[in-house]
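Residue numbers (the working numbering): 9 to 385. Glycine included, C-beta positions come from ideal geometry on N, C-alpha and C.
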Amino acid sequence: ARKMIKEAGKTVKGPYLNKGMHQYATYLNEAYVDVNARTEMDPVKSDWHTDGLRSFNAKTLFSALFFTIFGKTEQGTTFEPNTVFKHFDAFHKYFNYLWLGMPVNMFPEALKSLKFLCAQPCSQDLLKREDLSEYIRFSMNFMLENGQTEQDIIGHNLVYLHVNYNTFRMAFWAIYKLMEHPEALEALRAEVQDIVEKREDSENENGEIELSLEDVDRLPILDSITKETLRVSGGVFMVRSVAEDTEFETEEGRKYSLRKGDKVAMYPPAIHKDPEIFENPDEYKYDRFVDATFYKNGKVLKNPILAFGSLCPGKKYALCQAKWFMLSLVNAFDFELCEGEKTECDINYHGHEILPPTNDVQIRYRIREGHKKLIFV
Numbered sequence: 009a010r011k012m013i014k015e016a017g018k019t020v021k022g023p024y025l026n027k028g029m030h031q032y033a034t035y036l037n038e039a040y041v042d043v044n045a046r047t048e049m050d051p052v053k054s055d056w057h058t059d060g061l062r063s064f065n066a067k068t069l070f071s072a073l074f075f076t077i078f079g080k081t082e083q084g085t086t087f088e089p090n091t092v093f094k095h096f097d098a099f100h101k102y103f104n105y106l107w108l109g110m111p112v113n114m115f116p117e118a119l120k121s122l123k124f125l126c127a128q129p130c131s132q133d134l135l136k137r138e139d140l141s142e143y144i145r146f147s148m149n150f151m152l153e154n155g156q157t158e159q160d161i162i163g164h165n166l167v168y169l170h171v172n173y174n175t176f177r178m179a180f181w182a183i184y185k186l187m188e189h190p191e192a193l194e195a196l197r198a199e200v201q202d203i204v205e206k207r208e209d210s211e212n213e214n215g216e217i218e219l220s221l222e223d224v225d226r227l228p229i230l231d232s233i234t235k236e237t238l239r240v241s242g243g244v245f246m247v248r249s250v251a252e253d254t255e256f257e258t259e260e261g262r263k264y265s266l267r268k269g270d271k272v273a274m275y276p277p278a279i280h281k282d283p284e285i286f287e288n289p290d291e292y293k294y295d296r297f298v299d300a301t302f303y304k305n306g307k308v309l310k311n312p313i314l315a316f317g318s319l320c321p322g323k324k325y326a327l328c329q330a331k332w333f334m335l336s337l338v339n340a341f342d343f344e345l346c347e348g349e350k351t352e353c354d355i356n357y358h359g360h361e362i363l364p365p366t367n368d369v370q371i372r373y374r375i376r377e378g379h380k381k382l383i384f385v
């Protein structure tokens, strides 16, 4: 498994990242068109339309993520974004319990959804899809060559979908915070409009503005908003095995004997609320990370945000997808919270990489007239 992950991890980096991001951006544009087409059929004629933020993101972001992973599905199949999202959302509520080894039969709702999710196309059918992600293609071929079963492959595919589901959750908080703090939305929109206007004279033959990974990485407000979102919404526990007998001493002088093979659960996001590192850590500051350096005990922190495992091969890819969703959404839509709508992180789900909200929120949105379509190259 370790060898497969190491080799498969190469398919979410370098030229593979660019190819995957191009597919993702294409599917996202298609999802925007679909959402706009549905709203135009609304009998209540208005520029503004209402939806839940999670619902809107499911129709756009989750749809694009799903097609980027598994390729386009045939008409009439149940293995498609909307249906899979419904069942995966129900299953994911119990993910921590299942990950810790508790039997799925203890959770009837999770079991029902899992049975549906396991009824996905077989590996040979998926491998025939030209737009199947390189990560899934490599992983399935590797598993087949090493004698693993279809059930093993299905399990792997669901784990990979879980990883991408964190991008969906992170995007919820990013967009929610932009609406909750209009000055953040205004600053991001100005940054996006600036780069779009600079590229208007170099549209491609489809009338699209082409942006590269380097372009995305050069947007400091977007980068800061991404990091601040991870800071306020991260909830991951990292469980590791003790490599050798160790005596662990706390700052208060208490000592604990850890045996080789013991499991240790660590909570990296604890540093996200450390006032020594972050001024007013309970406040959301969209520009907190712009040209900023952070310290702990007088030393510079190399990585003040710990929302991912340090060796996560797809970290760059996931962050790029989240950033692209934000900049493309700001470019294509106006959006705002409906009056009185609020939510917060659900602390009952600590252990999840990104905490879910306690409730969905209603938003108003409309397509921005005359906006230029963006594409990743």
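Three-state secondary structure assigned by DSSP to residue i
i      : result
Lys136 : coil
Cys130 : coil
Arg372 : strand
Ile362 : strand
Ser54  : coil
Asp223 : helix
Glu255 : strand
Asp160 : helix
Glu291 : coil
Met187 : helix
Arg10  : helix
Glu208 : helix
Tyr303 : strand
Ser63  : helix
Phe297 : coil
Euclidean distance between Cα positions of residue i and residue j
i      : j      : result
Ile13  : Phe146 : 10 Å
Asp282 : Pro289 : 7 Å
Asp55  : Asp342 : 10 Å
Tyr294 : Leu152 : 46 Å
Asn104 : Glu216 : 42 Å
Gly243 : Glu236 : 14 Å
Glu377 : Arg46  : 17 Å
Phe302 : Cys353 : 25 Å
His360 : Arg177 : 10 Å
Leu69  : Ile183 : 12 Å
Val385 : Lys80  : 20 Å
Tyr373 : Glu82  : 30 Å
Tyr264 : Phe256 : 5 Å
Leu179 : Phe74  : What sits at residue 179 in the sequence shown is Ala, not Leu. Rounded to the nearest angstrom, the two C-alpha atoms are 15 Å apart.
Leu227 : Ala33  : 18 Å
Ala273 : Leu36  : 37 Å
Identity of the residue in the options nearest residue i by Cα
i      : options                        : result
Gly348 : Val369, Asn339, Gly242, Pro364 : Val369
Lys21  : Arg372, Leu327, Asn305, Pro365 : Leu327
His164 : Cys346, Ser131, Pro23, Tyr373  : Ser131
Lys123 : Gly109, Ala340, Leu166, Asp139 : Leu166
Ser220 : Thr91, Leu169, Glu259, Ile203  : Ile203
Asp133 : Phe87, Leu169, Phe93           : Phe87
Gly60  : Asn113, Leu345, Ile355         : Leu345
Glu252 : Ser241, Leu266, Met246, Gly261 : Leu266
Asn367 : Thr351, His358, Gln128         : Thr351
Ala340 : Tyr24, Lys381, Glu138          : Lys381
Val247 : Pro312, Lys271, Val224         : Lys271
Ala198 : Leu230, His358, Lys185, Thr254 : Leu230
Ser121 : Asp209, Asp139, Gly109, Phe99  : Phe99
Glu222 : Leu25, Arg262, Ser241          : Leu25
Phe93  : Asn113, Trp107, Ser63          : Ser63
Lys324 : Thr234, Val41, His95, Leu169   : Thr234
Lys185 : Ser241, Tyr168, Ile162         : Ser241
Glu205 : Glu287, His379, Thr19          : His379
Contact set for residue i: own chain, Cβ-Cβ below 7 Å, skip 5 residues either direction
i      : result
Leu314 : Pro276, Pro277, Ile279
Residues near residue i in its chain [Cβ-Cβ closer than 8 Å; skip 5 each side]
i      : result
Ala16  : Tyr143, Phe146, Ser147, Phe150, Pro321
His189 : Tyr292, Tyr294
Gly269 : Ser249, Val250
Gln159 : Cys126
Ile285 : Ile279, Phe302, Tyr303, Lys304, Leu309, Pro312
Ser363 : Inspection of the sequence shows that residue 363 is occupied by Leu rather than by Ser. Hits under 8 Å: Arg177, Ser241, Gly242, Gly243, Cys353, Asp354, Ile355, Tyr357.
Residues near residue i by beta carbon distance below 6 Å, same chain, minus five either side
i      : result
Thr175 : Ala326, Gln329, Ala330
Lys67  : Val43
Glu218 : Asn212, Ile383, Val385
Tyr102 : Phe115, Ala118
Cβ of residue i within 9 Å of any chain D Cβ
i     : result
Phe78 : Protein chains in the displayed structure number just one, and chain D is not present.
Assess contact between the region 325–332 and the region 23–35, defined as three or more Cβ pairs (one per stretch) separated by less than 8 Å. Is contact present? They touch, by the three-pair rule.
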